[in-house]
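For the sequence shown, this note's numbering puts the final residue at 500, and the numbers step up evenly by one. Reviewing the structure listed below.
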Amino acid sequence: MTGTLCERLFHLKEKGTTVKTECFAGITTFVTMAYILAVNPEMLSATGMDKGAVFTATALAACAATLLMALLSNYPFALAPGMGLNAYFAYTVVIKQGYSWQMALAAVFLEGIIFVLLSLTPVRESIFNAIPRPLKLGVTWGIGLFILFIGLQNAHLIVADSSTMVAIYPFRDAILSGEMRSVGVGAVLAFGGILLTGILLIRKVPGALLIGIGGVWGAAIVLELLGVYVPNPELAMYSVLPDFSAGLAVPSLAPTLMKMDFSGVLTLNFLTVTLSFLFVDVFDTLGGVIGMASQGKMLDESGRLPGIRGVLLSDALGTSIGAMLGTSTTTTFAESAAGIAAGGKTGLTSVVTAALFALSLFLSPLFLAVPGFATAPALVIVGLMMLSSIRALDPTDWRESIPAYLTMAAMPFCYSISEGIAAGVLAYVVIHLFTGKKEEKKLNPVLLVLAVVFVCKYIWL
Numbered sequence: 040m041t042g043t044l045c046e047r048l049f050h051l052k053e054k055g056t057t058v059k060t061e062c063f064a065g066i067t068t069f070v071t072m073a074y075i076l077a078v079n080p081e082m083l084s085a086t087g088m089d090k091g092a093v094f095t096a097t098a099l100a101a102c103a104a105t106l107l108m109a110l111l112s113n114y115p116f117a118l119a120p121g122m123g124l125n126a127y128f129a130y131t132v133v134i135k136q137g138y139s140w141q142m143a144l145a146a147v148f149l150e151g152i153i154f155v156l157l158s159l160t161p162v163r164e165s166i167f168n169a170i171p172r173p174l175k176l177g178v179t180w181g182i183g184l185f186i187l188f189i190g191l192q193n194a195h196l197i198v199a200d201s202s203t204m205v206a207i208y209p210f211r212d213a214i215l216s217g218e219m220r221s222v223g224v225g226a227v228l229a230f231g232g233i234l235l236t237g238i239l240l241i242r243k244v245p246g247a248l249l250i251g252i253g254g255v256w257g258a259a260i261v262l263e264l265l266g267v268y269v270p271n272p273e274l275a276m277y278s279v280l281p282d283f284s285a286g287l288a289v290p291s292l293a294p295t296l297m298k299m300d301f302s303g304v305l306t307l308n309f310l311t312v313t314l315s316f317l318f319v320d321v322f323d324t325l326g327g328v329i330g331m332a333s334q335g336k337m338l339d340e341s342g343r344l345p346g347i348r349g350v351l352l353s354d355a356l357g358t359s360i361g362a363m364l365g366t367s368t369t370t371t372f373a374e375s376a377a378g379i380a381a382g383g384k385t386g387l388t389s390v391v392t393a394a395l396f397a398l399s400l401f402l403s404p405l406f407l408a409v410p411g412f413a414t415a416p417a418l419v420i421v422g423l424m425m426l427s428s429i430r431a432l433d434p435t436d437w438r439e440s441i442p443a444y445l446t447m448a449a450m451p452f453c454y455s456i457s458e459g460i461a462a463g464v465l466a467y468v469v470i471h472l473f474t475g476k477k478e479e480k481k482l483n484p485v486l487l488v489l490a491v492v493f494v495c496k497y498i499w500l
């Protein structure tokens, strides 16, 4: 694109940004979420879906939805098949409940259509605007902690523990067992990457997040060549060296393209599955958008996001497009916060991210070689950035701070943005109904409806 075209489409000067900054931000966003290109095919293949086809569907769905976001909203948000939703698709709907993956894709497609209809009406916008400021702040902080937790997990600095649920990586045991040469090396490199990224930020080096990712990956390549880092697929620690032995061919989409099965669409169970996908998608998207928009100072004085309808419509269309291609729900990624932190302010950031997803179809060995422990430092630092507004709320104002606190805490501990919103909305409504003055008990009707919906969700879904 020429500079003039970029200016006309994305209003860079008005937003106080440049083509160079937007490109850096788009690359940063892509690199922090590129792991989905490896994780999603692996997860959905457990249902019997063709792994290569799912990879192609994942890249195409991310490219199409992110490009729609750029053109319909001019915001720097990126989309791809979402984590959590793909696990629900594979392990709950298909493996546990016994639906075929074709029928699960049909449920995702219908969920997307419902999502589109809601996005064309004031319903979703009303939900966004009805969420009070303390909850919006809590969502921002919660996503920050959620991203931090994901980053530490990807780095294996935090691991599962039978007695305490989570614990720091057991370096001593790893040295004795020999595991240190794979997972342990990744954990050490990730911690070094966190420190490197922090130093670069303090010194105000442009592109600090991206340099941190590249630095860790480069160090891992050197250590693998020297034999210090030894890949161990059984521990999900793979080679960091790009493998072009299979060439640059794009895996065929045929095994999953338009394979949706609508034969059970009129059954109650199918409706329940569809509504479950819809519920999680709606509130994950709203939560993510609120948090990232707040972090990027995109909200207006009333706490509203101008042009939110384009954001929501892009997300909804992306879901249905992804289902047609052959992947689980496509949603707005919280990792977009990395690009926003790198300076992204317009849809040009999303265009760059979309272009890289398209490019990944042909250079998948290169992009898939970036390990999770290399992107972890960016996620950890971005998580901290999203906590910067924590002083905006008086902690002694219990009616405001308790709902915000519960919203923040529930997201990482429940591993779900939507669960954090549910906790916050229920707490806010109940606390204000029983402690507020007469005029303060007149809560927004949309917020009251949301509280009822959440209660029904926990009872029946």
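For glycine and all other residues, C-beta sits at the position ideal for the given N, C-alpha and C.
Skipping 5 residues on each side, what residues in its chain have a beta carbon closer than 7 Å to that of A229?
Within the sequence shown, numbered from 1, the residue matching residue 229 stands at position 190. So the list reads A194, L196, V255, F412, A415, P416, once near-sequence residues are dropped.
List the whole-angstrom C-beta distance separating A247 from L234, where the pair is believed to meet the contact cut-off of C-beta under 8 Å.
Locating residue 247 in the sequence shown gives position 208, where the first residue counts as 1. Locating residue 234 in the sequence shown gives position 195, where the first residue counts as 1. With a Cβ gap of about 12 Å, A247 and L234 do not count as contacting.
Threshold first: 4 residues or longer. Then list the alpha helix (DSSP H) segments lying entirely within the region 106 to 186, N to C.
140 to 158, 161 to 169
N483 in three-state terms, based on DSSP:
Position 444 of the sequence shown, counted from the first residue, corresponds to residue 483. Note: N483 maps to coil in three-state DSSP.
Would you check if the distance between the CB atom of A461 and the CB atom of G151 is smaller than 8 Å?
The count along the sequence shown starts at 1 and reaches residue 461 at position 422. The count along the sequence shown starts at 1 and reaches residue 151 at position 112. Their beta carbons are not under 8 Å apart, which means A461 does not touch G151 by this criterion.
Report the rounded CA-to-CA distance for T392 versus I66, giving the unit in angstroms.
Against the sequence shown, residue 392 aligns to sequence position 353. Against the sequence shown, residue 66 aligns to sequence position 27. Rounded to whole angstroms, T392 to I66 spans 6 Å at the Cα level.
Endpoints, beta strand (DSSP E) assigned at T369:
Your numbering for residue 369 matches position 330 in the sequence shown. Where T369 is concerned, the enclosing beta strand (DSSP E) stretches over 369 to 371.
Cβ atoms of T385 and E61: under 8 Å apart, would you say?
Residue numbering aside, residue 61 sits at position 22 when the sequence shown is read from its first letter. Residue numbering aside, residue 385 sits at position 346 when the sequence shown is read from its first letter. Yes.
Near F309, what residues of its chain come up, given a Cβ to Cβ distance below 6 Å and the 5 sequence neighbours on each side ignored?
The residue given as residue 309 occupies position 270 in the sequence shown. G303, listed in sequence order.
How would you call I420, buried or exposed, if buried means at least 16 neighbouring beta carbons within 10 angstroms?
Taking the sequence shown and counting its residues from 1, one reaches residue 420 at position 381. So I420 ends up on the buried side.
Pick out whichever of F401, T179, A332, Q136 has its Cα sitting closest to the Cα of Y449.
Here the question's residue 449 lines up with position 410 in the sequence shown. Per the sequence presented here, residue 449 reads as Ala, with Tyr not at that position. It is T179 whose Cα lies nearest to the Cα of A449.
Give me the residue from D320, F148, E340, V269 with the minimum Cα distance to V222.
Within the sequence shown, residue 222 is the residue found at index 183, counting from 1. Among D320, F148, E340, V269, the Cα nearest to that of V222 is on V269.
Per DSSP, what kind of secondary structure is A293 in: helix, strand or coil?
Locating residue 293 in the sequence shown gives position 254, counting from the first residue. Reduced to three states, the DSSP call for A293 is coil.
Residue span of the alpha helix (DSSP H) that contains D320, given as start and end
Within the sequence shown, numbered from 1, the residue matching residue 320 stands at position 281. Unbroken alpha helix (DSSP H) run through D320: 307 to 334.
Residue environment, E340, which counts as buried when at least 16 other CB atoms sit within 10 Å
Along the sequence shown, read from residue 1 onward, the residue named residue 340 stands at position 301. Exposed.
Three-state secondary structure assigned by DSSP to M450
On the sequence shown, position 411 is the one that residue 450 refers to. Looking at M450 - three-state DSSP - the assignment turns out to be helix.
Report all residues from its chain with a CB closer than 6 Å to the CB of S375; omit the five preceding and five following residues, and keep chain order.
As a working note, residue 375 is residue 336 in the sequence shown. T68, F116, A117, M331.
For I207, list the residues DSSP reports as bridge partners.
To locate residue 207, count along the sequence shown from 1; it is residue 168. Answer by DSSP bridge pairing, in chain order: I197.
To the nearest whole angstrom, what separates the beta carbons of G357 and I182, a pair I think is in contact under 8 Å?
As a first step, residue 357 is located in the sequence shown; it is residue number 318 there, counting from the start. As a first step, residue 182 is located in the sequence shown; it is residue number 143 there, counting from the start. That pair is no contact at about 19 Å.
What number of angstroms, rounded off, separates the C-alpha of G102 from the C-alpha of T435?
Reading the sequence shown from its first residue, position 63 is the one you call residue 102. Reading the sequence shown from its first residue, position 396 is the one you call residue 435. Looking at the sequence provided, one finds Cys at residue 102 rather than Gly. Their Cα atoms are separated by approximately 45 Å.
Rounded C-beta distance between A146 and F316? I'm assuming under 8 Å.
Position 107 of the sequence shown, counted from the first residue, corresponds to residue 146. Position 277 of the sequence shown, counted from the first residue, corresponds to residue 316. Confirmed, Cβ separation roughly 6 Å.
Backbone secondary structure at M88 - three-state DSSP
Working through the sequence shown from its first residue, we reach residue 88 at position 49. Coil, per DSSP.
Contacting residues, own chain, Cβ-Cβ under 7 Å from L296 (five flanking each side not counted):
By one-based count along the sequence shown, residue 296 stands at place 257. For L296, where only same-chain residues beyond five positions count, the Cβ hits under 7 Å are L364, G365.
Quick one, which of Y114, G87, A73 has its alpha-carbon nearest L48's?
For the purposes of this step, residue 48 is taken as residue 9 along the sequence shown, with counting starting at 1. Of the candidates Y114, G87, A73, the one whose C-alpha sits nearest the C-alpha of L48 is Y114.
Is the beta carbon of A397 closer than 8 Å to that of A64?
Along the sequence shown, one-based indexing puts residue 64 at 25. Along the sequence shown, one-based indexing puts residue 397 at 358. It is not a contact, given that the beta carbons lie outside the stated cut-off.
N-terminal and C-terminal residue of the alpha helix (DSSP H) that M72 is part of
Along the sequence shown, read from residue 1 onward, the residue named residue 72 stands at position 33. Here the alpha helix (DSSP H) through M72 covers 58 to 72.
Taking a contact to mean a Cβ-Cβ separation below 8 Å, would you say P410 touches A206 in this structure?
Your numbering for residue 410 matches position 371 in the sequence shown. Your numbering for residue 206 matches position 167 in the sequence shown. Not a contact, by the Cβ cut-off of 8 Å.
Rounded to the nearest angstrom, what separates A199 and Y454 at their Cα positions?
Translated into the one-based positions of the sequence shown, residue 199 becomes position 160. Translated into the one-based positions of the sequence shown, residue 454 becomes position 415. Roughly 14 Å between the two C-alpha positions.
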